[in-house]
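In numbering that gives the first Met the number 0, the protein residues as written are 0 to 440. The structure under discussion appears below in the form of structure tokens.
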Amino acid sequence: MTTPTQKPQDHPDQQTTLETTEPRESAFAVFSIAQFRWLFLGNATFFLAMNGQMLTRTLLAWDLTGSATSLAYINLVVAIPMIFASIVGGAITDRVERRQLVLIGQSLIVANEIFILTLMLTGYLEFWHLLCTAFVAGCAFPFIMPARMAITATVVGPDKLQSAMAYAGSVMNLSRVFGPALMGIIVAQFDYKGAYMLSIVLYSSAVLCMFGVGRSRSGSKGDVKKGLFDDIGQGFSYIRNNRPVLLCLLFGLVPMFLAMPFQSILVMLAEQAWGVGESGMGTLMAVGGVGGLLGSVWIIKRGDSPRRVKLMLWSTVAFGVFLAIFVETSNFYVALVPLLLANMCMSASQTVNNAAIQLLVDDSVRGRMSSFMMLSYALTPIGVFPMAMAADRIGAANSILGACVLLVIVVGLFFGLSKTLRGLDASVTAKAAATAAARAA
0 MTTPTQKPQD HPDQQTTLET TEPRESAFAV FSIAQFRWLF LGNATFFLAM NGQMLTRTLL
60 AWDLTGSATS LAYINLVVAI PMIFASIVGG AITDRVERRQ LVLIGQSLIV ANEIFILTLM
120 LTGYLEFWHL LCTAFVAGCA FPFIMPARMA ITATVVGPDK LQSAMAYAGS VMNLSRVFGP
180 ALMGIIVAQF DYKGAYMLSI VLYSSAVLCM FGVGRSRSGS KGDVKKGLFD DIGQGFSYIR
240 NNRPVLLCLL FGLVPMFLAM PFQSILVMLA EQAWGVGESG MGTLMAVGGV GGLLGSVWII
300 KRGDSPRRVK LMLWSTVAFG VFLAIFVETS NFYVALVPLL LANMCMSASQ TVNNAAIQLL
360 VDDSVRGRMS SFMMLSYALT PIGVFPMAMA ADRIGAANSI LGACVLLVIV VGLFFGLSKT
420 LRGLDASVTA KAAATAAARA A
């Protein structure tokens, strides 16, 4: 009679083995979902083309005009529609079938690339054509990205969402490294026509991958008589009435506005601090991308742990500290180490923050909340202006250092003054449990 009660204790090694192997299983369990595999592959091809074409457009604009101002215009015509279309794109995501919205948006991007390639082949390409197509791309991205994020959350469920977001983040960071490098090689070997041909193939592959994903509609169809602007207003009301969501959105915006704009003045820093010029800039971009990838891998290895607040706070603080060390390091190659660690911490913080928001929101407003998350990235260029103005007066290193100090102070104020943020783990756990119960019902 005593044997059954003693049997589990007869094999402690076996029990320990099971416990230690469980995190590895949970980290890769998300790939057991076929639809996520198609989403992941589509993300990889889409972001590889998108990041690569950022370099191609910049080089092409420079060759067409020979003016540095043209580079600013190219970035501006992408950022402005992203800011204004993000809110509308999120509302539409919650009103229509999401897979179809992604297919339409990505097909528009393919048509964009074909249009430029045709003009190049016929010899009629001018700079204003690049501006027009960049504007169209800036309008399409705010519809594609919230819908993709909403589909991902629906496909994987709350228990695997943080891992799914980490894998998506790793794809974005890898594409930041390999996208520009790949297109740079293609441009050097086959001219701009080869780069646009490759981008058409990659974007088209992303379109085809979406056919491996099931149709996805908001969990609540809502009142069909309501107008689009009513839905937008409801999105703002939802944020205002859900303080955990509001705090996560604001916390995610802080580093994007205060410190992340350092990437835009890296060229100035590379020249002023180390005198490495454009070659050093390429190294800095590559190291930053690798750091972001390592941050995503760290979250994947960590699994979907419910202890999010401390990780989010401390990784954001560590980002500011490592970034400050980076700009104060006199040796260029030594400075690459804190830069890698800074990007690693920032990637981890943003991944956990984004996953927390997706776990907190209802599916009926998921598209709108995803658009608000994307809005933080679109607003990042605004933070460039004060940092650039400070850089002109006190130097790039001092302006970035000041932003790092301000970031650490603001994070401390967030944690000290916000009881809602300190209790975020409990809010996320409760909401995730309720969502899982509703899915199982």
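Note that the Cβ used here is the ideal one computed from N, Cα and C, for glycine as well.
Taking C-alpha positions only, S169 is separated from E112 by approximately 25 Å.
Straight-line spacing of the CA atoms in A149 and G251 works out to 18 Å.
Annotation: the continuous alpha helix (DSSP H) that includes V333 extends over 331-359. In this chain, the alpha helix (DSSP H) harbouring G251 covers 242-257.
The DSSP-derived three-state label of L124 is coil. In this structure, the beta-carbon distance from K430 to L358 falls below 8 Å. Scanning the stretch 292-331 from its first residue to its last, the whole alpha helix (DSSP H) runs of 4-plus residues come out as 308-327.
In the structure shown, I143 falls within a helical segment according to DSSP collapsed to helix, strand and coil. Pairwise C-beta distances place the stretch 40-55 out of contact with the stretch 323-341, as fewer than three of them are shorter than 8 Å. By alpha-carbon distance to M171, the top candidate from A285, M119, V266, L245 is A285. Under the rule that a run must span 4 or more residues, the alpha helix (DSSP H) segments found entirely inside the stretch 62-111 read 67-92. For G411, the enclosing alpha helix (DSSP H) starts and ends at 395-416. Spanning the alpha carbons of V186 and F134 requires a straight line of approximately 23 Å. For V275, no alpha helix (DSSP H) run applies, since DSSP gives it neither H nor E. Cβ contact annotation for T434 (same chain, cutoff 6 Å, sequence separation greater than five): P157, in chain order. Here the alpha carbon of A28 sits roughly 11 Å from the alpha carbon of F35.
Ranking A437, I399, G366 by CA distance to the CA of A146 puts G366 first. Contact annotation, L38 with V154: C-beta distance approximately 7 Å; criterion of less than 8 Å satisfied. CA-to-CA, the gap between S162 and L120 works out to about 43 Å. One alpha carbon belongs to A167, the other to A33, and they sit about 15 Å apart. Per the coordinates, the alpha-carbon of C247 lies some 15 Å from the alpha-carbon of G234.
In the three-state scheme derived from DSSP, where H, G and I count as helix and E and B as strand, G366 is classed as helix.
The residues V95, E96, R97, in chain order, have a CB closer than 8 Å to that of R216 in the same chain once the five nearest residues on each side in sequence are set aside. Proximity to M255 across R307, T315, R175 peaks at T315, based on C-alpha coordinates.
Within the same chain, A347 come within 6 Å of W297 by CB-CB distance, once the 5 residues on both sides are set aside. As the crow flies, the alpha-carbon of A395 is around 16 Å from that of V320. Rounded to the nearest whole angstrom, the C-alpha separation of V308 and A425 is 10 Å. Here the alpha carbons of I143 and T92 stand approximately 9 Å from one another. Taking every protein chain shown into account, the CB of K300 has fewer than 16 other CB atoms within 10 angstroms, so this residue is exposed. Spatial neighbours of T64 in its own chain (CB-CB distance under 7 Å, excluding positions within 5 residues in sequence) are listed in chain order as F126. The C-alpha of A402 is placed about 22 Å away from the C-alpha of M372. Shown here for V76: same chain residues with a beta carbon closer than 7 Å to its own, the five before and five after excluded, namely L130, A133, F134, G137 in chain order. Looking from the CA of A354, the closest CA among L160, A194, G122, L181 belongs to L160.
When rounded, the separation of the alpha-carbon atoms in A43 and S31 is 18 Å. Exposure of T117 is indicated by the presence of fewer than 16 other C-beta atoms within 10 angstroms of its C-beta.
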